[in-house]
C-alpha cells in the first residue's frame with residue numbers, strides 16, 4: 028500500500044533548533060523511504076520502476092539518496108542505471124530515441140546516470156522544490172532482446188530511493204499593501220509566501236529601506252529575489268536588486284496557490300535588513316452566476332440524457348436548450364460590459380479508469396468572438412495524471428464562413444490562463460509555458476496530446492483574430508473543443524496494446540508494442556517487421572508442430588494409445604497457441620489466449636512426463652496411476668506459475684528418477700546392463716538424448732527476440748524427434764491397438780476367473 032514505506036518525522040525543537048536559525052523561520056526534518064525494487068532492462072514503459080514521493084508546502088531543501096545494489100555475487104560487469112525525476116506526474120522518457128506520435132508534445136525531465144558494479148549510490152539536492160508529488164523512475168539500459176528463462180540465475184540490480192527534506196513551519200506571509208520587514212544573510216535567506224487568488228492578472232513586489240550596517244554601501248540592496256519554486260522543468264523567476272531598492276511584477280501568475288518568495292544576500296558576511304510589500308491586481312472576472320443552482324441542475328439533466336445514450340466520442344449531439352431569458356446560459360447574447368471574458372461551464376465525466384471527458388454544458392459548440400476571450404476550465408486531479416491529456420479543436424463552418432485572413436487562436440495552459448491572445452502573443456504565463464494552436468478555413472482541425480500532464484487546473488483560452496484590425500462581417504464563430512483523458516495515445520494503434528500499470532495505489536497507462544514497432548504510441552516503424560516476415564514467422568511456429576505426427580504414428584503403432592493422445596493434445600494446442608501469440612496482423616485465435624497458453628504449457632510438460640515413464644517399462648497399473656497423478660500435479664503447478672523453471676524441471680527429474688530406479692532394478696536382478704542391446708543405445712537412446720539436450724539448450728540459452736521464430740520452431744522439431752527415438756518398442760504380449768492376447772475377432776475377451784488373461788512375463792528391452 029501507499030504508506031507501506033518507512034516515514035519518520037523528526038522534530039528538532041520547534042522553538043529553537045533550526046537549520047541556521049535566524050529567529051524568523053523554524054525548520055523541521057522529514058524522512059521517507061521506498062522499498063528496494065528489482066530493475067529491468069528497458070523495452071517499454073512497463074520495465075520502468077516508478078516511485079512517488081510527496082513534498083509538502085514550505086519545503087526549503089529536498090535531498091534524494093539513490094542506492095543500487097547487485098543481487099548476485101558472480102561477475103556481471105558494469106551497468107549504467109538511468110534515473111529520471113519529475114514533478115507532478117511520471118517522467119516521459121525516450122531512452123531508445125523513438126519517434127513520438129504526431130501532435131504529441133512532451134518535455135524531458137531530469138536524468139541521472141549511475142554506474143553500478145556491486146553497490147553504488149548518489150545524491151541529488153534541490154533547493155525550494157515545488158510542493159506536491161514527485162516521481163522517480165529508474166531502469167537499466169535498453170533490452171538486448173535475449174529471452175531469459177524464469178528461474179535461472181541472472182544479473183539482478185535493486186534500486187532504492189530515499190528522501191530527506193527540511194520544511195519551514197512558520198513561514199511569514201505577505202499581505203497585500205502591507206510592508207513586512209525582514210533580514211537576509213548569506214547563510215540565512217528570508218523566506219516568505221504570498222497567496223495569489225483566482226482571476227489575478229498580475230502580482231508586483233517592491234523592496235525598499237535596505238540597510239546593511241555602516242559604511243558607504245550601508246543603503247545598498249545587495250539582494251537576489253526569487254519568485255516561485257523549482258520544478259526542474261520550470262525554475263523560479265530571479266531578480267537582482269541593487270541600489271536603494273527594486274521592484275518586479277508577474278503577469279498572469281498562477282491562480283489559487285501559494286507563491287514562494289525567497290530573498291538572499293549577494294555579499295559575503297553582510298546581513299541586509301529590508302522592507303518588502305506585494306500587491307496583486309484582479310483585472311478580469313467573469314459574470315457572476317449567483318447562488319441559484321436551478322439552471323445548472325437543468326444543464327446536468329440535459330447532459331445526462333444524451334451522455335447515457337451516446338458514445339463517448341460523439342460530439343454532434345447538443346444538450347437540451349436552455350431558456351433564452353437565462354443570462355448565465357445564453358452565451359450567444361452580447362457580453363456585458365462588466366465582464367472581460369466568457370467563462371463556459373464544463374461538465375467533468377469519469378468514464379472509466381484513466382478515462383475522463385470534459386464537455387461544455389451548453390453543447391459541444393462554443394462561441395468565439397474577436398472582442399473578448401472565451402475561457403474553459405478543466406480541473407485535473409492526481410489520479411488522472413497517469414494518462415494522456417488530449418485536445419481536439421475543430422472549426423464549425425456550417426453556419427459561418429471564416430475568411431482566409433481570420434483564425435481562431437487557442438492556448439492551453441496550466442495554473443493560469445492567457446487572457447490576451449493574438450498572432451504575436453506567446454502562449455505562456457508568468458511561470459509556466461502553454462500549448463498554442465490555431466484553426467482557420469484551410470486548417471479546420473488541430474490536435475494536441477500531452478502524456479502524463481501535471482495535476483492542476485488547465486485553462487483553454489479561445490479568441491478570434493484577424494490580420495487587420497477589423498474582422499469584417501465575421502465577428503462570432505463556433506468551434507468544437509474536445510478535451511479528454513485517455514490511458515494511452517489513440518489506444519496504441521494497430522501494433523500496440525494499452526496496459527494499465529500500478530505503482531502501489533497510483534495507476535498509469537503505457538503502450539507495449541508488437542512486430543518491431545515502438546514509440547510512445549507504437550507509431551515508429553523504424554524497426555517494424557514486414558507483413559511477409561510476420562506471415563513467415565507464423566507459418567514456422569505453427570507448421571513446425573506437425574513434426575509431432577511421426578511421434579503420434581509411432582506411438583499408435585507400438586500400442587501406446589494414451590501417449591499418442593497426449594502428443595496429439597500438445598500438437599493441437601501448440602499450433603493454435605503460436606498462431607494466436609503472433610505480434611503482427613497474421614494472427615488466428617480460436618479461443619481465449621490465456622487458455623491456449625495454459626494448454627500448450629500443460630501439454631508440453633505432460634508429453635515429457637509420459638514419454639519418460641513409458642521408457643521405464645513399469646507395470647500398467649503403476650504407469651497409468653503415475654500418468655494421472657503427474658498430470659494433476661502438473662496442472663496445479665501450471666496454474667501457480669506456468670513459466671517457472673521448476674514447473675518443467677520438477678516433472679522431468681521425477682520421471683528420470685523413476686526410470687533410472689526401474690532400469691537399475693532390472694539390471695541388478697538380471698545381472699546385466701539394461702537395456703541389454705547395444706543397438707538400442709546407439710541407434711535410439713543416444714540420438715534421442717542428444718536431440719533432447721540440443722533442444723533444451725536452444726530453448727534456454729539461444730532464444731532472442733530476433734531469432735525466436737527459428738529457434739523455437741527448431742525446438743518443436745527436436746522435441747518431437749526425440750520422442751520417436753526414445754519411445755520403447757511394443758511389448759510382445761500386446762496386439763495392435765493395445766488389445767490383449769486372447770481377444771477373438773468378435774471383440775470378446777477370454778476371462779480367466781475375474782480378470783482378463785494376460786501374461787505378466789517381463790520382456791527384454793529389445794530392438795524391433
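Residue numbers (this note's numbering): 28 to 795. Ideal Cβ positions, reconstructed from N, Cα and C, are used throughout, including at glycine.
Query, Result
"Endpoints, beta strand (DSSP E) assigned at residue 661", "Premise fails: residue 661 lies in the alpha helix (DSSP H), 647 to 668, not in any beta strand (DSSP E)."
"CB contact flag (residue 604, residue 627, <8 Å)", "yes"
"Exposed unless 16 or more other CB atoms sit within 10 angstroms - verdict on residue 157", "buried"
"Nearest neighbour of residue 528, chosen from 514, 636, 521, 597 [CA to CA]", "514"
"Bridge partners - residue 551, DSSP secondary structure assignment", "545"
"Whole-angstrom distance between residue 60 and residue 544, CA atom to CA atom", "37 Å"
"Contacts around residue 440, its chain only, beta-carbon distance under 6 Å, and the 5 residues preceding and following it disregarded", "456, 461, 486"
"Euclidean distance between Cα positions of residue 555 and residue 516", "19 Å"
"Cut-off 6 Å between Cβ atoms - residues of its own chain near residue 510, not counting five sequence neighbours on either side", "385, 405, 418"
"Contact under 8 Å by Cβ, residue 471 with residue 503", "no"
"Distance, residue 85 Cα to residue 57 Cα", "12 Å"
"Residue burial classification, residue 476 (beta-carbon count within 10 angstroms, cutoff 16)", "buried"
"Buried versus exposed, by CB contacts within 10 Å (16 or more), residue 357", "Confidence at residue 357 is low in this model, with a pLDDT of 37, below 50, so its placement is unreliable and no value can be given for it."
"Simplified DSSP state of residue 600, which is helix, strand or coil", "helix"
"Simplified DSSP assignment, three categories, for residue 376", "strand"
"Helix, strand or coil at residue 228 [DSSP, three-state]", "coil"
"Range covered by the alpha helix (DSSP H) that runs through residue 621", "620 to 643"
"C-alpha gap between residue 659 and residue 679, whole angstroms", "15 Å"
"Three-state secondary structure (DSSP) of residue 577", "helix"
"Pair within 8 Å by beta-carbon distance, residue 185 and residue 89", "no"
"Residue range of the unbroken alpha helix (DSSP H) whose run includes residue 678", "672 to 697"
"Close Cβ partners of residue 392 (< 7 Å) along its chain, the five nearest in sequence each way excluded", "423, 505, 507"
"Rounded Cβ spacing between residue 689 and residue 643 (contact assumed at less than 8 Å)", "4 Å"
"7 Å CB neighbourhood of residue 306 in its chain, flanking five on each side removed", "203, 204, 231"
"Residue burial classification, residue 291 (beta-carbon count within 10 angstroms, cutoff 16)", "buried"
"Buried versus exposed call for residue 590 [16 or more other C-beta atoms within 10 Å across all chains shown]", "buried"
"The ligand SAH heavy atom lying under 7 Å from the CB of residue 667", "Here there are no bound small molecules, and the ligand SAH is not part of this structure."
"Chain C contact for residue 278 (CB, 8 Å cutoff)", "Absence of chain C from the displayed structure is noted, only one protein chain being present."
"Under the three-state DSSP convention, the category residue 186 falls into", "strand"
"Length-filtered (3 minimum) beta strand (DSSP E) runs lying within the region 69 to 115", "76 to 82, 86 to 97, 106 to 114"
"Whether residue 634 touches residue 594 by CB criterion (8 Å)", "yes"
"Per DSSP, cross-strand counterpart(s) of residue 234", "273, 303"
"Nearest-angstrom beta carbon gap, residue 540 and residue 522 [assumed within contact, 8 Å]", "6 Å"
"Sub-8 Å separation of residue 233 and residue 272 beta-carbons", "yes"
"Contact under 8 Å by Cβ, residue 374 with residue 433", "no"
"Burial state of residue 609, where buried means 16 or more other Cβ atoms lie within 10 Å", "buried"
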